[in-house]
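K.L.:
From first to last, the protein sequence lines are chains A and B.
If you count the first sequence from 1, position 168 lands on 167 in numbering that gives the first Met the number 0, and the numbers rise without skipping.
If you count the second sequence from 1, position 15 lands on 14 in numbering that gives the first Met the number 0, and the numbers rise without skipping.
Don't be surprised by glycine CBs; every beta carbon is placed ideally from N, CA and C.
Below is the structure I would like to discuss, written out as structure tokens.
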Amino acid sequence: MFFLPSNYRHPAFRDGARHMWPQAPGIGAWGLMTGVAMVKSGMSVLESVLMTVLVFAGSAQLAAIPLLIAGAPAWVILATAFCVNLRFVVFSLHLRPFLMHLPRWQRMTHGYLTADISYVLFTRRFVHPSTDTAVLREQSAYLAGNCLVNWGSWVGSSLVGIALANFIPTHWGLGFAGTLCLIGILCSLATTRMRLLAGTVAAAAAVVAWSLPLKLNIVVAIAVAVVLCMSLEGRGPGAPAQRKGAA
Amino acid sequence: MTGAGSTDLWTVAVIAGLACVTVLARCFFFILDRDWTLPHWAQRGLQYAPIAALSAVVVPEVVMAQGQLVQTLHDARLYAAAAGAAAYFWRRDVLIPIVAGMAVYLPLHLGLGW
């Protein structure tokens, strides 16, 4: 975390921040559109600000918005967000040896603030966890600096988007930008044939089951796609090799 | 949500819940002190659940209108989504689809009323 002196006084803190800077404009553009999309989808300014500051997970936020607007039950919204966030579960397994030397509140704050790009930059720079205290401190400081720039550009640009959204007429349909953001992430996840199949099956199931109440079509679609792909795994020539927790 | 622009407690509570989901997902394997791993079936499921969840949310947002599959090709969302996906596979960048998609969406939606 960037608010601890042991992190922000360490020289690696600046390295972490510097390596994140080139990503800041892209994160900013995404945050800006998420801010606009939240308000233009019908969320209040207070709700949008709270979501930006507290949730800090763009793809889960954007997936939750249409469900919130449709009045889906809380458990459906939370379960959908958790499924969208499952990549972080994989990341947390990877980060565990780097963070376990810290007290629980510190490692959980680190975890909370470590989104996709910070994870990639951190694990690229520190390939192996260390047992050396100096290196562990350096790793912690680097991650903190990196996350500060990520957090600042995401939250700052989202707040700007929320403010700007009030000046944009609703009939422009800018809420659709949120869907477009997710399309990018969706395509980036289609890395194997089986995953592509999972996405296709889930899409078809969500459309077919659309009339189910409480937005249960989302839950049904996820379940059908996951169960189908797990049962087909390893059968076809295009099936990927088993990858244990490495996305 | 009771309506555009108004804040209700239920939505705020769900937002707080979503924040907990973020913490739970990002810290999943280092919340507890002891070392542990997921059962094998759960690890396999991890491969498919994220794309399934996103696809289930996104695709109906593009192809459904008033609870039905869109009956017309005069819908800006279809072309914007296709342009966004094509732009991703062209540049392999998750941010480009927003730009490309909106560049298609806005003229069709505002100009032609699709």
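Against chain A, with Cβ distances strictly below 8 angstroms, would B:ARG76 count as a contact?
P.N.:
By one-based count along the second sequence, residue 76 of chain B stands at place 77. Answer yes: the Cβ-Cβ gap between B:ARG76 and chain A drops below 8 angstroms somewhere.
K.L.:
For A:LEU215 and chain B, any beta-carbon pair shorter than 8 angstroms?
P.N.:
On the first sequence, position 216 is the one that residue 215 of chain A refers to. Cβ-Cβ to chain B under 8 angstroms: no for A:LEU215.
K.L.:
With burial defined as no fewer than 16 other Cβ atoms inside 10 Å of the residue's Cβ, what is the status of A:TRP150: buried or exposed?
P.N.:
Against the first sequence, residue 150 of chain A aligns to sequence position 151. A:TRP150 should be labelled buried.
K.L.:
Say whether chain B places a C-beta atom closer than 8 angstroms to the C-beta of A:ASN6.
P.N.:
Counting from 1 along the first sequence, the entry for residue 6 of chain A is found at position 7. No - not a single Cβ of chain B is within 8 angstroms of the one on A:ASN6.
K.L.:
Looking at the structure shown, is A:LEU179 part of a helix, part of a strand, or coil, going by DSSP?
P.N.:
Along the first sequence, read from residue 1 onward, the residue named residue 179 of chain A stands at position 180. In the structure shown, A:LEU179 sits in a helix (DSSP, three-state: H, G or I).
K.L.:
When the Cα atoms are used, what is the spatial distance from A:THR88 to A:LEU158?
P.N.:
The residue labelled residue 88 of chain A in the question sits at position 89 within the first sequence. The residue labelled residue 158 of chain A in the question sits at position 159 within the first sequence. Correcting the residue identity first, residue 88 of chain A is Val in this sequence and not Thr. The straight-line gap from Cα to Cα measures roughly 27 angstroms.
K.L.:
Decide yes or no for the touch test of the region 51-60 of chain B against the region 171-186 of chain A: beta carbon pairs closer than 8 angstroms, at least 3 of them.
P.N.:
Flag = yes, the region 51-60 of chain B and the region 171-186 of chain A touch.
K.L.:
Rounding to the nearest angstrom, what Cα-Cα distance links B:TRP35 and B:PHE28 in this structure?
P.N.:
Locating residue 35 of chain B in the second sequence gives position 36, where the first residue counts as 1. Locating residue 28 of chain B in the second sequence gives position 29, where the first residue counts as 1. If you take the alpha carbons of B:TRP35 and B:PHE28, they lie about 7 angstroms apart.
K.L.:
Does the beta carbon of A:ILE76 come closer than 8 angstroms to any beta carbon on chain B?
P.N.:
The residue given as residue 76 of chain A occupies position 77 in the first sequence. At least one chain B Cβ lies under 8 angstroms of A:ILE76.
K.L.:
Residues of chain B with CB under 8 angstroms from A:MET37, in chain order?
P.N.:
In the first sequence, the residue the question calls residue 37 of chain A occupies position 38. Simply none; closest approach about 11 angstroms.
K.L.:
Might you give, ordered along the chain, the residues of its own chain that have their beta carbon closer than 8 angstroms to the beta carbon of A:MET42, omitting 5 neighbours on each side?
P.N.:
Working through the first sequence from its first residue, we reach residue 42 of chain A at position 43. Excluding positions up to five away in sequence, the list reads MET50, ILE64, LEU67, ILE68.
K.L.:
So what does DSSP say about B:ALA64, is it helix, strand or coil?
P.N.:
Residue mapping note: residue 64 of chain B aligns to position 65 of the second sequence, counting from 1. Here B:ALA64 sits in strand by DSSP.
K.L.:
Give a yes or no on whether the minimum CB-CB distance between B:PRO38 and chain A is below 8 angstroms.
P.N.:
For this step, residue 38 of chain B is matched to residue 39 along the second sequence. No, because no Cβ of chain A sits closer than 8 angstroms to the Cβ of B:PRO38.
K.L.:
Within 7 angstroms: the Cβ of A:MET42 and any heavy atom of the ligand MG?
P.N.:
Among the ligands in the structure shown, none appear at all, so the ligand MG cannot be discussed.
K.L.:
Check each candidate in B:ALA84, B:TRP9, B:PRO49 and name the one with the smallest Cα separation from A:ILE221.
P.N.:
Taking the first residue of the first sequence as 1, we reach residue 221 of chain A at position 222. Among B:ALA84, B:TRP9, B:PRO49, the Cα nearest to that of A:ILE221 is on B:PRO49.
K.L.:
For the alpha helix (DSSP H) holding A:THR79, just list the boundary residues, first then last.
P.N.:
What you label residue 79 of chain A is simply residue 80 of the first sequence in a count that begins at 1. Segment 73-83, the alpha helix (DSSP H) holding A:THR79.
K.L.:
Is the beta carbon of A:GLY15 sitting closer than 8 angstroms to the one on A:TYR141?
P.N.:
Against the first sequence, residue 15 of chain A aligns to sequence position 16. Against the first sequence, residue 141 of chain A aligns to sequence position 142. It is a contact, given that the beta carbons lie within the stated cut-off.
K.L.:
Quick one: what's got a C-beta closer than 8 angstroms to A:TYR111's C-beta in the same chain, skipping five residues either side?
P.N.:
The residue labelled residue 111 of chain A in the question sits at position 112 within the first sequence. Excluding sequence neighbours, A:TYR111 sits near PHE55.
K.L.:
Does the count of Cβ pairs from the region 125-144 of chain A and the region 57-67 of chain B closer than 8 angstroms reach three?
P.N.:
The region 125-144 of chain A vs the region 57-67 of chain B: no contact.
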